[in-house]
Amino acid sequence: MNDTSSAPRVRTLEPFRGQGIIRFEMPEDTLPTAHRARLLWRVVETLELSAFTAAARAVEGRQGRAVLSVRMQLTLWLYAISVGIGSAREIARLTGSDDAFRWIVGDQRVGHAKLSEFRVGHGGALDKLFTDVLGSLVHRQLVSLERIAQDGTRVRASASAPSFRREASLQECLEQAALHVKGVFAEADDPEASEGEKLARLAGALDYKRRVEQAILTVQELRAEDKAVPRASTTDADARVMKMPDGGYRPGYNVQLATAGSELGGPRTIVGLLVTNVGSDMGSVTPMLADVESRTGQLPKQLLADANHAKHSCIEEATRRGVEVFIAVPKREQRPANTTASAEIVAWRERMQTDDAKRTYRARAALCELSNAHLKCHHGAAQVLVRGIAKVTCVALLAALTSNLLAHAAALLA
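Numbering-wise (the numbering used here), the sequence shown opens with residue 3 and increments by one.
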């Protein structure tokens, strides 16, 4: 054996963490010029955002803490949604580690609570912004309402199946919740708990009691609608168990989108949006047309939808308002026409038998399926992390706004 005791010791560089480091960097230079975060920031600069600060008290010449940049928070959400992130906690974490998120916030700091509040606390402002963007696109003739396609997609609610209970069980939960609130008040003098912990306990107890009370009201409303076995969730009283795309039944919401564009290619534009807790698409055409008209100032000339939307009253209303309806005839109606049907229904059935109507209807999937796929697969909305139909609507509005701004960013900046 060779004697290695006299061999020279290898010299290595080991990490040392006791030395202070001063780093110099220019945040403006951390992102490429064509980065999506920069693009969205420039687009947001062109938008009117005063509705988000209408209730702010911190104005020039008066005391008060300044309002955190609306432009920054909105761009954070738009960029996060564009890369499939829908969690405020994840966004807050990435503002400290990801170059794009760090560039957006600059020298500011924003926590997950503030981001969550911004997303669901400005429903009216988000709705107005979505409408304003559509109005600008229509005014510039970047969107045509010659033809739109409507479809609904189910998104998973932030509630579990076991949270759905009947009224008797909910009444028991309410009694337990009331006892819990009393217990929290009784522990108000606990010397081992901090003031923050005491407030958190009380807030949690009161919130659960409020949600149980809301679930009881929901069950009573469902009973009034003659539901067989009415149940409601103690987590999200607005959620309903519905059939999902994979065939299973889970708590969810139905997001209805109306998309305009050309089936041959080019940008797709979401021109109408509705969020409901009804699992069926039946009866959604009339409210969707009203939503499109209120946002764009006009009705589409043609509306395409699948057979799940074929409610006669909706077809009749649309026809009377000058909208040519191309909705697939359900199998149950593909038999000799009922002589008692109205003229609008007879005309619709006859139209859908023609070759021209079949060619027109084939454009439906090319228009609306892409918007639905992007909403769930690319914009992080397959499962919502908020509760209540109003908050879910805010999430859907942000996703639709992101889609429209990215599709037309170049034109909006021209």
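Each residue gets a CB set at the ideal place from its N, CA and C atoms; glycine is no exception.
C-beta atoms of residue i and residue j nearer than 8 Å
i, j, result
"Asp-129", "Leu-399", "yes"
"Leu-1", "Ile-93", "Residue 1 is absent from the structure shown; the chain starts at 3 and stops at 416."
"Arg-158", "Gly-254", "yes"
"Asn-374", "Thr-155", "yes"
"Val-140", "Thr-298", "yes"
"Ala-312", "Val-331", "yes"
"Ala-217", "Leu-172", "yes"
"Gly-274", "Asp-293", "yes"
"Val-186", "Ala-207", "yes"
"His-381", "Ala-401", "yes"
"Thr-220", "Ala-202", "no"
"Ala-320", "Val-277", "no"
Where residue i falls: helix, strand or coil (DSSP)
i, result
"Val-12", "coil"
"Gly-274", "strand"
"Leu-41", "helix"
"Thr-133", "helix"
"Ile-83", "helix"
"Met-290", "helix"
"Ala-330", "coil"
"Met-354", "coil"
"Pro-247", "coil"
"Phe-166", "strand"
"Pro-29", "helix"
Euclidean distance between Cα positions of residue i and residue j
i, j, result
"Pro-302", "Ile-150", "7 Å"
"Arg-252", "Ser-162", "8 Å"
"Pro-269", "Ser-296", "22 Å"
"Lys-184", "Ala-205", "13 Å"
"Cys-396", "Arg-19", "46 Å"
"Arg-242", "His-376", "23 Å"
"Pro-29", "Val-257", "38 Å"
"Ala-39", "Arg-167", "44 Å"
"Ala-127", "Arg-59", "17 Å"
"Gly-119", "Pro-289", "Reading off the sequence shown, one finds Glu at residue 119, where the question assumed Gly. Going from the Cα of Glu-119 to the Cα of Pro-289 covers about 29 Å."
"Leu-266", "Leu-306", "16 Å"
"Val-394", "Phe-26", "42 Å"
"Asp-191", "Ala-57", "37 Å"
Distance between beta carbons of residue j and residue i, contact taken as under 8 Å
i, j, result
"Leu-80", "Phe-103", "Contact doesn't hold; Cβ gap of about 12 Å is too wide."
"Val-45", "Ala-411", "5 Å"
"Ser-84", "Val-386", "Not confirmed; about 17 Å, so no contact."
"Gln-152", "Ala-309", "Going by Cβ atoms, the distance from Gln-152 to Ala-309 rounds to 12 Å, so no, they are not a contact pair."
"Ala-413", "Arg-73", "Not a contact, Cβ separation roughly 20 Å."
"Lys-211", "Ala-180", "6 Å"
As an exercise, report each continuous alpha helix (DSSP H) stretch of at least 4 residues that is fully enclosed by the segment 375-404, in chain order. none
Can you list the alpha helix (DSSP H) stretches of 4 or more residues lying completely in the segment 186-229, in chain order? 197-226
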